[in-house]
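In this note's numbering, the protein residues as written are 372 to 1061.
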């Protein structure tokens, strides 16, 4: 399929982006939809389960290939995934035939054709609205489909995508920048990297840039996967209530804390796609406990979902766990209803004690220590954090008072009218408590409660949204229902339906309202208007961040000289850290370096190279290092250094850090052992003359 990107209209970046979106949709939904037949024949549920089932299958096949050191192309990997999915489908069908039934892991709410048609119509509506909002507030903010945000985390994300694609290995167990061999040679290095695997498959299949591929993956998860999962969850907890399901379609992407905050800070792209699978997983878990049919299959599906989220971004597993603990308490209480009060209380207390002990055991696990001990400073006082929850501004966002009101109404509706859903109130309170701990406390309490989210209030705020969505859907449905009751006085079905629909549309329009100007009064900034403006600025390479379009054009010329194999020594903070992904130039530093209070980051060899490369001709140790690492070129995108008129150094760059790269920044035309090969403005490429 790479031939599509060689010329003509088919090589249009936006055409390739659209093709990449379709490609990702295909590999996320089709194999998972086929394989999930072993759990349920309810096609709506299968559509919501499909993404995490597909992710799990991709992880398994890619990992086996890596462990066996078998390089694979995109089509070989997908052939294996589809073969497994079809095999599961055939075996499931045969087992169902042998039992003489068509059991489902989670029964349909109504078997009549009208109800089924409504469900499909609603699913299409959720996806259509999801794609529309994603188009307006994500795709439209891109500076072209190949654009990317030059923030800290994105350098690693894009480089890892390029690494997977170049190496022909696609697994989180091989998350190594510059990967070139299987596990036998490269060893194991785990990072929850299914975002990067999916993006690398698109790069390999369509010959597109890692940035375009990643943008298409994010589009699919936010525009397709998350809305589909939310519909299945809202359909489940509302017991198929049509008004609630209809209203939920306008709520799914209405919260600033998720997914939009993840695009603005970090960016936290792996979290975005992992959290996008949470609603579908929650529906799967609830179905597993509410039916006796296919008990083993349902348990397997739950494990598959847990694994899929873990290898995408593990935070999502802990969010789902917090949401589901109250549900388990509720189901346990129902199960113990026939027992004595004392036995019921003992059972519930025993379960809660188990949960607390299990949480603390995980907290003490060595493999999680780097996560739970990571500290983000508080962003507000406790009182301010409580206000931020109430108005939904959370961390770094703007208040959403109308949406907050819908959440409050939904909470009241659940408490008063829906006893079977009251467990969600407890889930919401727990997640709010975790958010408060992450955003306004320090010390042991902060780490025990929110350590599994790196004590990051952005991630814990997004967790709150997972439960707030159903509440806001209930709230909007309640408002619409009250309008419908009032409209019945007109004794006209058209007026009743029209006013009800208009109410929902007006409220949704107010929630998504862009910035506007009131003549003679003032400019009004809205939550989504601010989101769109901020993302647009972040995606503009001319906006004064660490990389400019002129530097990307220079990189194209550099690639013509160095090719993809020659190792180029660089200062990552001048923007060259992104050239491995954008131009497939083999940069030595492929990700940013996290410096603490002093220059101790990285290995001693890395420190010696960036400090002393300029005088390698007079230092035998540095000379040997340069030869050992096969450094052939040195690149400078900001040769004038910090403060020069053309400098585009990263915003986090400083005089202190500039000294850490003195061995690179101090090279000029007169430096012994270097020949100037290419020059433009303040950009330089030097050949190392051994």
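Glycine included, each C-beta is placed from N, C-alpha and C at the ideal position.
Check	Outcome
Residue 511 burial status per 10 Å Cβ neighbour count (16 or more: buried)	exposed
Backbone CA spacing between residue 883 and residue 890 [nearest angstrom]	21 Å
Chain-order list of residues whose beta-carbon lies under 6 Å from that of residue 475 (same chain, five-residue window excluded)	Confidence at residue 475 is low in this model, with a pLDDT of 45, below 50, so the placement of that residue should be treated as unreliable; the coordinate-derived value is given next. Hits under 6 Å: 411, 412 and 413.
Inter-residue Cα distance where the pair is residue 600 and residue 936	43 Å
Proximity below 7 Å, CB of residue 798 to CB of residue 694	yes
Rounded straight-line distance, which links the Cα of residue 963 to that of residue 682	23 Å
Supposed contact pair residue 1008 and residue 952 - C-beta distance, whole angstroms, cut 8 Å	So it is not a contact: roughly 15 Å between Cβ atoms.
Same chain, Cβ closer than 8 Å to residue 771, neighbours up to 5 away in sequence not counted	625, 626, 627, 762, 763, 764, 882 and 898
Separation of residue 708 from residue 715, as counted between CA atoms	7 Å
Exposure label - residue 910; buried when at least 16 CB within 10 Å	buried
beta-carbon residue 694 near the ligand FMN non-hydrogen atom, thresh 6 Å	As presented, the structure is devoid of all ligands, the ligand FMN included, so that no description of it is given.
Opening and closing residue of the beta strand (DSSP E) in which residue 939 lies	938-940
Helix, strand or coil at residue 1054 according to DSSP, with G and I counted as helix	strand
Exposed unless 16 or more other CB atoms sit within 10 angstroms - verdict on residue 896	exposed
Coil, strand or helix - residue 689 by DSSP	helix
Cβ pair count under 8 Å reaching 3, the stretch 498-517 against the stretch 938-945	no
Element boundaries [beta strand (DSSP E), containing residue 1003]	1002-1007
Inter-residue spacing [alpha-carbon to alpha-carbon] between residue 802 and residue 433	34 Å
Classification of residue 916 by the beta-carbon crowding that lies within 10 angstroms, buried from 16 upward	buried
Residues sharing a beta bridge with residue 888, DSSP	894
Alpha carbon of residue 832 to alpha carbon of residue 766, nearest angstrom	7 Å
Own chain residues within Cβ distance below 6 Å of residue 1054, not counting five before or after	925 and 1008
Opening and closing residue of the alpha helix (DSSP H) in which residue 819 lies	815-821
Assigned exposure category for residue 454 - 16 Cβ within 10 Å defines buried	exposed
Proximity of residue 642 and residue 633 at Cβ, strictly below 7 Å	yes
Helix, strand or coil at residue 476 [DSSP, three-state]	For residue 476, the predicted structure reports a pLDDT of 45, less than 50, and the residue's modelled location is therefore unreliable. The matter cannot be settled from this model.
CB-CB length for residue 503 against residue 590, believed under 8 Å	The pair is not a contact, with the Cβ atoms about 12 Å apart (cut-off 8 Å).
Residues near residue 425 by beta carbon distance below 6 Å, same chain, minus five either side	399, 402 and 403
Through-space distance from residue 966 to residue 535, alpha-carbon basis	26 Å
Residue 1064 to residue 526 span [Cα, whole Å]	Since the displayed the chain opens at 372 and closes at 1061, residue 1064 lies outside it and no answer follows.
C-alpha gap between residue 480 and residue 497, whole angstroms	Summary for residue 480: the model assigns pLDDT 49, below 50, so the residue's position carries little reliability; its value from the coordinates is reported in the next sentence. For residue 480 and residue 497, the distance between alpha carbons rounds to 19 Å.
Bridge-paired residues (DSSP) for residue 545	560
Residue 798 in three-state terms, based on DSSP	helix
Segment contact, 8 Å Cβ cut-off, at least three pairs: the stretch 539-552 with the stretch 434-447	yes
Cβ contact check for the stretch 1023-1043 and the stretch 982-997: 3 or more pairs under 8 Å	yes
Inter-stretch contact (C-beta, 8 Å, three-pair minimum) for the stretch 820-830 and the stretch 743-752	yes
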